[in-house]
Structures are given as C-alpha cells and as structure tokens.
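Chemist:
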Amino acid sequence: MCFSLISLTAFSQGSATGCLLPNNIVYTSKGILGTYYNNVFTGLSTNYCSWTPVTGPTCLVCNGGLNVFGVCLSGTTSGVEGTFTMVACPLDDYAGVFALIAAGTGACYLYRKKMYVMA
1 MCFSLISLTA
11 FSQGSATGCL
21 LPNNIVYTSK
31 GILGTYYNNV
41 FTGLSTNYCS
51 WTPVTGPTCL
61 VCNGGLNVFG
71 VCLSGTTSGV
81 EGTFTMVACP
91 LDDYAGVFAL
101 IAAGTGACYL
111 YRKKMYVMA
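Each residue of the sequence shown is one higher than the one before, counting from 1 in UniProt numbering.
As structure tokens, then:
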C-alpha cells in the first residue's frame, strides 16, 4: 500500500489576550485601575503572522512598577487591547512539503501503474 502522510504544525498556534505593543509583546496582567503590569507578558513569535485589530480600544502598559493603589510610577506605553491569535504564514513556507507530497503521490501512482501493466 502506497500513501503519503504529512504532519504539519497546526495553523492556529494559540492566542493571548491583553495589551499588544508594537514590539509584538502582549502584556496579560491588568492592575486595579486598568493599567497592565510590565512583568507578565507573552511574546508573539516572529515565525507567525499575528492578527491585530485595525481599530480597537487602546490600553496602557506601565513602564515600571505600580504602587499599592495601582498607580504607575514611571510612565506608560500605549498599545492595542484585544485577543491576538498567532497564525502560520505565508503558505510559501510549506512549498517544499507540498512538492514532496506531490512527488510521492506521483511516484506511488507510477509504481502501481507499472505493477498492473506487468501483471
């Protein structure tokens, strides 16, 4: 029996909810007053395209620590708030894999065709 089996990484690689800054880091822990802490974050991998809302609510990430009242002590950085899903892209990254599948399928087809002719 001749067949091709491929295992690709799923296109959806998880998601992160929080405040996304331009450096592709999503800060995920929000303080009492709505400002995000700068020490709890998830980086979005550079190997994936990341969904970013074109328009969305803005959010603030504290550059330093927050005091006991949730007030940022050293300024804030503005970002976009939402859920950000990492998606594999572009499909060109898989062109080699697709070519191998096509070649393997073609080779199997020719091999089986040859076996029928000989029998």
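Glycine is no exception: its CB is placed at the ideal position from the N, C-alpha and C atoms. Values in this document were obtained by computation on a predicted structure and should not be read as measured data.
With which residues is Cys72 paired in a DSSP beta bridge?
Modeler: In DSSP, Cys72 forms a bridge with Leu66.
Chemist: If I follow the unbroken beta strand (DSSP E) through Ile25, where does it start and stop?
Modeler: Ile25 to Tyr27
Chemist: Where do the ends of the beta strand (DSSP E) carrying Gly43 lie?
Modeler: Phe41 to Gly43
Chemist: Name the one or two DSSP bridge partners that Cys19 has.
Modeler: Tyr27 and Glu81
Chemist: Where DSSP assigns a beta bridge to Cys59, which residues make up the other side?
Modeler: Partner(s): Gly79.
Chemist: Between Gly64, Leu100, Leu33 and Pro22, which lies nearest to Leu44 when the distance is taken from Cα to Cα?
Modeler: Pro22
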